[in-house]
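*Asks:*
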Amino acid sequence: MGELKRKEYEELVEPLRRELSHAARWIAETGQRLVILFEGRDTAGKGGSIDMFASTLNPRQCHVVALPAPTERERGQWYFQRYIPHLPARGEISLFDRSWYNRAVVEPVMGFCTPEQTSSFLRAVPEFERDLVEDGIFLFKYWLCCDQDKQEARFKARLANPTRRWKLSPVDIEARSRYQAYTDARERMLEATHSPWAPWSLVDFNDQRLGRLTLLRDLLDRLPDRELPLPTIDWPPLDHEPLREEYRTLRPIAPYAAGP
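When you line the sequence shown up against the UniProt record's numbering, it's residues 1 to 260, in that order.
(1) Out of GLY31, ASN206 and GLY259, which has the shortest C-alpha to C-alpha gap to LYS46?
(2) For the alpha helix (DSSP H) that ARG33 lies in, which residues bound it at each end?
(3) Of all the alpha helix (DSSP H) runs that stay within the bounds of the segment 169-205, which reach a length of 4 or more residues?
(4) Taking the beta carbon of TRP100 as the centre, do at least 16 other beta carbons fall within 10 Å, making it buried, or is it exposed?
(5) Taking C-alpha atoms, which residue in LYS156, GLY48, ILE84 and ALA185 lies nearest to GLY111?
(6) Note down, in chain order, each residue of its chain lying with its Cβ closer than 7 Å to the Cβ of GLN208, except the 5 sequence neighbours on either side.
(7) Go ahead and pull the three-state DSSP assignment for LYS5.
(8) Can you tell me the Cβ-Cβ gap for GLU29 and LEU190, rounded? I've got them flagged as a contact below 8 Å.
(9) Can you grab the Cα-Cα spacing for the pair ARG188 / LYS141, in whole Å?
(10) Using a 10 Å radius around the Cβ and a threshold of 16 neighbouring Cβ atoms, would you call TRP166 buried or exposed?
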């Protein structure tokens, strides 16, 4: 079976977007807090999945967290400390484009931390996440999976597309040779951190559109079914004919020439 076509994807995702919007309003109006972690190999589809959420939700409610490499000061802090300010307040949603799990996969595979630091992290993270969940946070952890042939094709597509080259870095070149090491690190991470209170969900993203649908359907099924009735808004008609824009100081620039 071939990959899901864009038209079919748009038809299938639209009702899920509506459900997501309802869920977000329930979160906002009842003061819930939602954290979603998006983890996976480079090119797996984290960015597109996060865009699917962010483009549907109110940007005042939904915050995308994509932290850069830690500063010298942050490297001297408790490991989880720099992530704490990005956790949601009442009524908010935080989408983590990679998360504290860097210490479990990317950092050890690429040599950015010691084996002792990774082991310490894997011992600490279940209790850290238990504290989050017991405080009332909905925590969902997704690992996006893709085979190496798909990863290679996506890297080549980025290389050939000037508007997507910014996604490539020297680290990506090195990571290509460590596909199996990423698998081994992921399996160690899952064994240590797949807990009853904060379980992992692996999603096949060899077909990215199908993967997004699978992820969103899973998330919606695991949230409480709390569709709230839409409030009635008094929207009186204008008491005059609609007005046209007036320009006194400046005029709009020339419109884009869409024709030949």
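Quick reminder that beta carbons are idealized off the backbone N, C-alpha and C, glycines included. In this text the structure is predicted, and so the values were computed from the model without any measurement.
*Replies:* Here's the rundown:
(1) ASN206
(2) First-last for ARG33: 33-40, but that is the beta strand (DSSP E), not the alpha helix (DSSP H).
(3) 170-176 and 179-193
(4) buried
(5) By alpha-carbon distance to GLY111, the top candidate from LYS156, GLY48, ILE84 and ALA185 is ALA185.
(6) Cβ neighbours of GLN208 beyond the five flanking positions: GLY45 and GLY48.
(7) DSSP, reduced to helix, strand and coil, places LYS5 outside both helices and strands of the structure shown, so it counts as coil.
(8) Taking C-beta atoms under 8 Å as the contact rule, GLU29 and LEU190 fail to qualify, at a distance of about 35 Å.
(9) 15 Å
(10) exposed
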